[in-house]
Amino acid sequence: MTDQMMGDTIAVVEIGGTSVKVGFADRGNPLDFARTYPTAQLRQGAPVAGLADVVAAASRDSGLKPASVVATVPGFIGKDFDTVLHTANFPELEGIRLGTELASKLGVPVRLERDVVLQLLGESVAGAVRRQKEVLAVYLGTGIGAAYLGKDGIFRGGGWALEIGHMPVYRPDDGGRPKRAETYASGARLVELASDYEVPVADLFVAVGQPPSLGEWLDEILWQQAVTIATAAALFSPQTILIGGGIVDMKSYPRQTLMQRIAESLPHSLVVEPLDIRWAALGWQAALHGAVLLAAV
-17 MTDQMMGDTI
-7 AVVEIGGTSV
3 KVGFADRGNP
13 LDFARTYPTA
23 QLRQGAPVAG
33 LADVVAAASR
43 DSGLKPASVV
53 ATVPGFIGKD
63 FDTVLHTANF
73 PELEGIRLGT
83 ELASKLGVPV
93 RLERDVVLQL
103 LGESVAGAVR
113 RQKEVLAVYL
123 GTGIGAAYLG
133 KDGIFRGGGW
143 ALEIGHMPVY
153 RPDDGGRPKR
163 AETYASGARL
173 VELASDYEVP
183 VADLFVAVGQ
193 PPSLGEWLDE
203 ILWQQAVTIA
213 TAAALFSPQT
223 ILIGGGIVDM
233 KSYPRQTLMQ
243 RIAESLPHSL
253 VVEPLDIRWA
263 ALGWQAALHG
273 AVLLAAV
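Residues -17 to 279 in my numbering are what the sequence shown lists, from first letter to last.
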């Protein structure tokens, strides 16, 4: 890392379907400071101007002046790391050259990246998979995202890669048309269940007093999550699987059961040796560490 990069302040903007979080890394060190803003307020007008406003507000509150910005988008971005191709949870951004337009408003360079990539890079620097290679990272949240860190860095494929939440799932009982894995296994599905059963989302995996039918639905979601992860593992044959995201951090989430079902779903050749599954450890700080590493290359 160059002396100039070590002296730079980086603003990290995590754009989500419900909120936008802004944090900073200064002189190569992630800071504890962060601000969160509702995504809804950005939908009411020009979304890029709204994003510029929240970055400026967070910068004022922190007393920092960022020299660059790394922004994550919950969806598909172009090979130019500039254009938002598709984001189901924030469709107002689709087709926008977000990096270029946001840079113009802020007056500093802006790099777009997939959120899971930043999380994986951060965990590889200072977290659960430090110094590991051949790592498959899967994050279970509002959607389902994944990234792969090989010996030569992040695997990109032909552009975007490992959007495993969008893998088709065919079930004849759903009308004979394939749906996405996210339809059955993501946080959005949990929100639907919470509404149907009038249970707080945070308490869904707490078994006390809940009807058996809810337990059956949750069991199906857990199987779908395990199969989705195992499918990606069967394709990439990772040495380590890193799992994170808001779902696995929920109270009483059955992590051990998920691990067992992943092992049961994998081809036998992938479980001859003990399966190395690890849990993300850094939370939001992983994105900050990842942004520092990204800025250094």
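Even glycine gets a Cβ: it sits at the ideal position worked out from N, Cα and C.
Pull up the distance between the alpha-carbon of residue i and that of residue j, whole angstroms please.
i	j	result
VAL183	VAL37	29 Å
ALA278	VAL230	31 Å
PRO20	PRO73	15 Å
TYR235	ALA262	14 Å
GLU145	GLY60	13 Å
GLY123	GLY228	5 Å
GLN221	GLU116	5 Å
TYR179	GLU164	20 Å
THR54	GLU198	35 Å
ASP134	LEU196	44 Å
ALA28	ALA34	10 Å
LEU100	LEU275	9 Å
GLN(-14)	GLN238	Summary for GLN(-14): the model assigns pLDDT 39, below 50, so the residue's position carries little reliability; its value from the coordinates is reported in the next sentence. Distance between the alpha carbons of GLN(-14) and GLN238 is about 45 Å.
ASP62	GLY127	20 Å
PHE187	ALA167	14 Å
GLN114	GLN26	43 Å
VAL66	GLN192	41 Å
ALA40	GLY5	8 Å
ALA269	ALA119	13 Å
ALA214	LEU248	10 Å
VAL107	PHE218	21 Å
LEU257	LYS47	44 Å
TYR121	GLY169	11 Å
VAL181	LYS87	42 Å
ASP291	VAL173	The chain is shown from -17 up to 279; residue 291 falls before or after that span and cannot be answered.
ARG42	ALA31	16 Å
PRO160	VAL(-6)	36 Å
ALA129	GLY109	16 Å
MET232	ALA216	27 Å
LEU175	GLU255	37 Å
The beta strand (DSSP E) that contains residue i, what's its start and end?
i	result
ASP8	1 to 8
GLU95	92 to 96
PHE187	Element bounds for PHE187: n/a, residue is neither H nor E.
SER168	Neither: SER168 is in no beta strand (DSSP E) and is coded neither H nor E.
HIS68	66 to 68
ARG113	It is not in any beta strand (DSSP E) - ARG113 carries neither H nor E in the DSSP assignment.
GLY132	126 to 132
ALA53	50 to 55
TRP261	259 to 261
Can you give the beta carbon distance from residue i to residue j, rounded, assuming they're within the 8 Å contact cut?
i	j	result
LYS3	ALA16	6 Å
ASP64	LEU80	7 Å
ASP8	PRO56	With a Cβ gap of about 26 Å, ASP8 and PRO56 do not count as contacting.
VAL111	ARG260	6 Å
LEU84	VAL51	7 Å
ARG162	HIS148	5 Å
GLY104	LEU224	So it is not a contact: roughly 11 Å between Cβ atoms.
ILE(-8)	ALA273	5 Å
THR18	SER1	5 Å
Could you spell out where the alpha helix (DSSP H) holding residue i opens and where it closes?
i	result
ASP155	First-last for ASP155: undefined, no H or E at that position.
GLY32	29 to 44
GLU280	The structure shown does not extend to residue 280, since the chain is modelled only from -17 through 279, so no value can be given for it.
ARG25	22 to 25
GLU83	80 to 88
ALA269	267 to 277
Mind pulling the alpha helix (DSSP H) runs of 4 or more residues that sit fully within the stretch 204 to 251?
With a minimum length of 4 residues, the unbroken runs of alpha helix (DSSP H) contained wholly in the stretch 204 to 251 fall at 237 to 247.
Does the stretch 190 to 207 come close enough to the stretch 236 to 248 that 3 or more CB-CB pairs lie under 8 Å? yes
Three CB pairs or more closer than 8 Å across the stretch 132 to 144 and the stretch 85 to 94:
no
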